[in-house]
Structures are given as C-alpha cells and as structure tokens.
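S.K.: Okay, handing you the structure first.
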Amino acid sequence: MPMVDKGISLRELDPRDRYKLLCGVVVPRPIALVTTLDENGAINAAPFSFFNVFSENPALIVLGLQHKPDHSPKDTTRNIHRDGEFVVHMVDEALSVAMNDCAVDFPSGDSEVAATGLVTLPSIDVKVPRLAAAPFALECRRHVVLNFSPDRELLVGEVLRMHAREGLVDTANMYVDLDAYRPVGRMFGNLYTTQRDTFALVRESHAQWLARQETKELKDA
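Below, the structure is given as structure tokens:
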C-alpha cells in the first residue's frame, strides 16, 4: 500500500524555516521599493517582496511589513503609521542594484535615498517624494493595517496616482510595453530573475474549450 503524503506542517516549523520554504516556493514575487518620510523629513527607502496588487476597484495594493527582532517597527512601518502616505516603486533591471543597496541596514534616521544618490521628484497626491529612476511609481495612502503577530503587519494601501516612465504605457489602450519595462522579480536568498522569457496562454470560454476537446477526440479516434 502506498504511503500517504502528509506534506509539511508549517505550524510545526521554526519561523525561519517557514520563511525559507514559503519564499522558495512562491516565486517570482514582484518587488516594491517603498519611500516614506520620517519625522525629520528624511526620505526612507526600503524594498519589499511580500507585495502585490490586490484590487482595481478601488485600486489597492498589499504590503507585508516586518518588525525588528525586538518587535519595534522598522522605519517604513513607523512612518506609514504616523503619516499614512507612501510611494511604491516598481523595480526594473536598471534599478535593481540601487534597490539592493536600499536594503542595507542603515541606522534609523539615515536616508537610503541620500546615501545611494537616488534622485527624487515631487509627488502630487502625497507629500512623500518619488524616485526619478523608477519605471513606475504608485502614490499611495494607507487604507487599513492588520496586525497578525508581534512581527508582521499587512498593509492595504490605496493607489491614488501612477507615474510611468515615458514610452512604457500606451495610454490609448493602457497596455504596458514589457520589453521596454524589463521588471525584476524576487526569488529567494540572493537570487532575482528577469522577465524576458515569456509565453502566452489564451483564456478560452467554456464553449471554446469544449470545441477543442471534441476536435482532439476526433483526431485521436
């Protein structure tokens, strides 16, 4: 008799092993390079790969916020708690090195933007500046924050305005030029991936699917 596959109980794993497993399985993940303002007006920038779009009506994104080992909030979390405003920047190949530099554990109060020499531009609907080098910048306002543990919060933010580098969006039909965009995805450990090798799968109606199955059966008969 074959053995029953019991899988891996995540509740029985150490949180670090849980993290490694989830990050190795759920790939690639989009990267959000998030800017916020601290209480002194310094621009903080930090990358997050626990991130995705959640809804188009209203326009919402979700962001996983992590606390420090002593359970105190990191700079991005603290700044969003205080002001409720932030800018999410998508990361392309050209921005990837600077994004990784922003992950360095700079002392609280030091600006990653100033340290890395990233140029900023003013936002319109929020006071947090945006990064000029980013292919896309999403001006966001906090919608709701859910606390799940002393270490993790889930932020839902409303996207108020999007900025796109010239040539990336065909505004007549709102199509994005993927070849010009060249986004980077997060894998696990120190691994990232480009998105150049793509393929298409057309979503069929049920009638189209049935017709294809019937054609296949006739060919196999």
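Numbering (the numbering used here), first residue to last: 683 to 903. Idealized CB from N, CA, C, for every residue including glycine. No experiment lies behind these values; they were computed from the predicted model shown.
Please say whether residue 815 and residue 854 have beta carbons closer to each other than 8 Å?
M.R.: Here residue 854 is taken as the residue at index 172 of the sequence shown, counted from 1. Here residue 815 is taken as the residue at index 133 of the sequence shown, counted from 1. Result no, Cβ atoms of residue 854 and residue 815 do not sit closer than 8 Å.
S.K.: Residues bridged to residue 822 by DSSP?
M.R.: Taking the sequence shown and counting its residues from 1, the one referred to as residue 822 is at position 140. Paired residues: 768 and 841.
S.K.: Below 8 Å on the Cβ atoms is my contact criterion, and I expect residue 868 with residue 746 to pass it. Report the Cβ-Cβ distance as a whole number of Å.
M.R.: Position 186 of the sequence shown, counting from 1, holds the residue named residue 868. Position 64 of the sequence shown, counting from 1, holds the residue named residue 746. Between residue 746 and residue 868 the Cβ distance is about 12 Å, and since that is not below 8 Å, they are no contact.
S.K.: List the DSSP bridge partners of residue 743.
M.R.: As a first step, residue 743 must be located in the sequence shown, where it is residue number 61. The partner list for residue 743 (beta bridge, DSSP) reads 735 and 839.
S.K.: So residue 817 packs on residue 856, CB below 8 Å; how close in whole Å?
M.R.: For the purposes of this step, residue 817 is identified with residue 135 of the sequence shown, where counting begins at 1. For the purposes of this step, residue 856 is identified with residue 174 of the sequence shown, where counting begins at 1. That belief does not hold up - the Cβ atoms of residue 817 and residue 856 are roughly 15 Å apart, past 8 Å.
S.K.: I want to know whether the segment 784-801 touches the segment 719-738 - three or more CB-CB distances under 8 Å.
M.R.: Yes, the segment 784-801 touches the segment 719-738.
S.K.: Is the segment 735-744 in contact with the segment 822-838, if contact means three or more CB pairs nearer than 8 Å?
M.R.: They touch, by the three-pair rule.
S.K.: For a test of the three-state rule: what should DSSP assign to residue 877, helix, strand or coil?
M.R.: Indexing the sequence shown from 1 puts residue 877 at position 195. Residue state, collapsed to three classes: coil.
S.K.: What's the call for residue 698, buried or exposed, on a 16-neighbour Cβ count within 10 Å?
M.R.: Within the sequence shown, the letter at position 16 stands for residue 698. Classification of residue 698: exposed, given that the 10 Å Cβ count is below 16.
S.K.: When the Cα of residue 832 is compared with those of 755, 710, 843 and 709, which residue comes out closest?
M.R.: By one-based count along the sequence shown, residue 832 stands at place 150. Comparing Cα-Cα distances from residue 832 to each of 755, 710, 843 and 709, the minimum goes to 755.
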